[in-house]
Structure formats: structure tokens, C-alpha cells
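In the numbering used here, the protein residues as written are -13 to 390. Note that CB positions come from ideal geometry on N, CA and C, so glycine has one too. Source: prediction; values computed, not measured. Here is the structure we will look at, set down as C-alpha cells.
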Amino acid sequence: MATSKIVGVIILCFALACYKGQNVTKDALAPAEKIVNVMSFGAKPDGNFDSTQAFMNAWRIACKSPGQNKLLIPQGRFLVSSMYFAGPCMAPLPITVQVVGTVLATTDISDYENVEWLMFEDIDGLNLIGGGTFDGQGHNSWSRVVDCEKTPSTCIRNPSSLFFNKVTNGVIMDIKSLNSKGFHVFVTNCANIRLIGLHITAPSTSPNTDGIHVSHSTHVRIFRSVIGTGDDCVSIIQGVKNVTIERVDCGPGHGISIGSLGKYEHELEVREVRVLNCTFVGTDNGLRIKTWPDRYPGAASNITFHDITMQRVRNPIIIDQEYQCSPANCQKKPSLVKIRDIVFSNVRGTTSSQIAVDLRCSKLFPCQNVHISNINLNSASFPIRSRCANIKPIYSGVQHPPAC
């Protein structure tokens, strides 16, 4: 009898787990959940009518009304300018935004006084799902972009498409981001966020269009996504802890980057980042840690890059503590960022550059405890090599190119 009860409990728990997963992955309604359709508030799916106010009114009802509500953006093309999806929400369970159609950004850059396009803020429990598309319509704005890395004092960043600030327990799954004006997805001051099955696309020539940008956040997982854009596929800057990036296909783009660090005063450390089982195709960089010389202190530690495939990648493995300064003759003061406990392991494939492993650390704070294991990179066109400065790597396994 006891055994049958135990079996029954196990079956019940399994069924509940499956149901809960189904609510997110298959867009099923939760018990007593009500649908709030943006079209009921005047949104029009023609791609021309400005539906911003309708979206805001629908969100206010979905978020601020008692009970469990789901905001639905149905089939069609809905034009909206900058707006907030602001919490906190009254729903007892995570609030769901189900995007089935396409949400279009207005093209007039003066519409974006709030800096970002669609802002999700102060929400505990959010599911952004549905398989729909966010189209930033960024082509017209890219020509006016100032290079934020070369001229940070005069940089005015273009609006991010999806901006998450102070969001906890969030799932962003199976959505598409197309031609963002600035960053496609910006995650900051967040905790316990999962980004799963995203498809992010912009031309390789689109400036500052990072796929997923993370700062001041903890427990972030980026999984099973395809990112091709004009800047970093994933960029991680200060104050980030415990991030896993797994099964991401990157290209075109600038690779997956930690940094740039040391850009701002009083920067917080980046630590516990894992990049696993990812593929890079035709990217400018692969696995990169970059810090500014002649700037501010900072730190990056406990970072692992493991089981990585490269195809025609220009700089497959790079630690660059002379960012934006010529490696042949950098005359700036050494970087004040401390880098330690780094692992590059099981990295294979092809490179389009002669220096396939480039480890240039700070003269003032040399990199510490950097492990290089089982590297097998090749080129059919020319011999490749490694370069090291202010670092004593710990090598094991296959080393091609040869160790420094």
C-alpha cells in the first residue's frame, strides 16, 4: 500500500511538472487565467496605425488587475513606439506576454526619449513567449550611430529593442528579434532569467547591435539560441555573476565577450561565467575577454570556455587588456583590471588569422591561473601561432597552435 502511494505521488508530481512546463512552452492557459488581447483596446494589425496607447492600456489591465491575466499580441503587424511594461503586477503567478504576431518599432528616432524601445521593469515573474517577432526597423538609425568604444564621451546609444530592468524569475523563450536599432536584448539588475530558443538577426554591418547584453545581474542562462548580428553575439560587463551560455550558434558578429571592463569608475567584478558547447561561424572574434588600458580598476574571475567549435573565426581565443590600443606599440598606462581563474578547453576548428591564441595581459596585473587545454585550431592557407604577454598559461593536452 505504501509503495502504491509513493508511485501515485511520483506520477502526480510528474504530471504537475509537465503541466507547468506546458503552460510556458505551448502557450496553454493557467487555471483561471484570462486573456487580455491588445486588439480589444484599439490596436490594429496593419503595420501602420500607432498602437502604442492600446498596448499600454492592455498591459495596465493585464498587470494591475486582480487575478491571473495573459497579455496577447495576436497575428498581424503592430506598430508601437517606446513604452514601459511596468510592474509590480498583481498576478499570483508569473504574468505571461504571448507574442504571436510581429511588433514593429517606429522609425522616428525622436520617439525614443526613454532611450529604449520596449522596457520591462520591476516585475517578479515574467514569461515572454509565443514565437513572435520584434522588428526594430533599425536600418535608418544605423547610419547615425557614433562608435561608443572609440568616442565614449560623445556616444549616444541607439535604443535597445527589449530592455529588462529589475526583472526576477523571467523566461524569455522562442521569440525573434530582427534589425534592432541598438542592442537586441538588454538585461540589467535582473536575477534568475532564462533566455531560451531566441533567434536574433541583423546584418553584419549594423553597428552596436549586440545580441544579448548583460550587466549587474545574477543567475542568467542563455540556451539553445541563434544569434547573428553586427556586434557581440553576447556581451557581459560589470556586476554579473553566475551566467551560463550554452548551445548558442554565433555568427556573423564579434563573438562572445566578457567586457569591455575597466571603462567606468567603481566597476563591480564579473565572475562565474560558463560558455559551453557553442559554435562560431565567420565571426570577428570567438572567445574574448577585453579590458581598457589607462582607465579604472575591475576584475574578471572563474570564467570557463569549454567544448567550442570555430569555423573561419578571425580571433578564436583572445584576452585583450590593451583594448582599442595597438598591440604592436601601445603607449597607454596598463589596464587596472585583474583577470584570474580562466579556462579555455576543447576548442577546435578553423581560423582566418595567423594569431589564433592571443593572450595579452596587463603589465601591472598579469593574468593569473589561466588554463589552456586541448586546443586544435587550423588554417589551410597559412601557419598559425600563439602570442602571450604578461601571462604564464598552464597548458595541458593538444596545443595547436603551439603554446607560447
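Looking at Q354, T119, P369, F169, the one whose alpha-carbon comes closest to that of I380 is Q354. Secondary structure at R346: strand, using DSSP grouped into helix, strand and coil. Residues F120, S147, H170, I186 of the same chain have their beta carbon placed closer than 6 Å to that of S163, with the five preceding and five following residues left out of the count. Across the set R334, I305, L57, V259, the C-alpha of R334 shows the shortest separation from the C-alpha of M296. When the beta-carbon positions are compared, L273 and I303 come within less than 8 Å of each other. I59 and G87 do touch by the CB rule: their CB atoms are close to 6 Å apart, below 8 Å. In this structure, the CA atom of Q307 is about 45 Å from the CA atom of L79. Distance check between S201 and each of N175, G214, T191, T195 places N175 closest, using alpha-carbon atoms only. Nearest in C-alpha terms to P189, of all of T38, M76, G216, is G216.
One thing to note: A29 has its Cβ no nearer than 8 Å to the Cβ of F71.
Assigned with DSSP and collapsed to three states, F27 falls in helix. DSSP places F41 inside the alpha helix (DSSP H), whose first and last residues are 38 to 50. Under the DSSP assignment, S127 falls in the alpha helix (DSSP H) whose first and last residues are 125 to 128.
Approximately 4 Å separates the beta-carbon atoms of K276 and Y309; this is inside 8 Å, confirming the contact.
Your pair V299 and S246 does not check out as a contact, with CB atoms roughly 19 Å apart and the cut at 8 Å. For L262, the uninterrupted beta strand (DSSP E) segment begins and ends at 256 to 262. The residue from N165, G62, V173, H125 with its alpha-carbon nearest to that of M105 is V173.
Residues of the same chain with a CB within less than 7 Å of the CB of G383, apart from the 5 flanking positions on each side, are S359, N360 in chain order.
Around the beta-carbon of S26, fewer than 16 other beta-carbon atoms lie within 10 Å, marking it exposed.
Around the CB of S67, 16 or more other CB atoms lie within 10 Å, so the residue is classed as buried. Taking 3 residues as the minimum length, the beta strand (DSSP E) runs contained wholly in the region 141 to 185 are 148 to 159, 162 to 164, 171 to 174, 177 to 182, in order along the chain. In the three-state DSSP reduction, I59 falls in the strand class (E or B). Secondary structure of D235 (DSSP, three-state): strand. Boundaries of the beta strand (DSSP E) around Y381: 380 to 386. Just so you know, the alpha carbons of H386 and R371 end up roughly 8 Å apart. Selection W45, T93, E102, A342 evaluated against L112 yields W45 as nearest (Cα-Cα). In this chain, the beta strand (DSSP E) harbouring T277 covers 271 to 277. Residues Q54, K56 of the same chain have their beta carbon placed closer than 6 Å to that of E19, with the five preceding and five following residues left out of the count. P17 and V101 have their C-alpha atoms spaced approximately 37 Å apart.
Apart from the 5 residues on each side of it in sequence, D280 sits with its Cβ closer than 7 Å to the Cβ of K318, K319 in its chain, given in chain order.
In this structure, DSSP gives I198 an extended state, which the three-state scheme calls strand. Per the C-alpha coordinates, the member of G241, W278, R233 positioned closest to H199 is G241. According to the DSSP assignment, E107 belongs to the beta strand (DSSP E) that extends over 104 to 115. Taking 8 Å as the cut-off, the beta carbon of A286 is found no closer than this to the beta carbon of I231.
For K324, the enclosing beta strand (DSSP E) stretches over residues 323 to 337. Looking at the DSSP output, K318 shares a beta bridge with no other residue.
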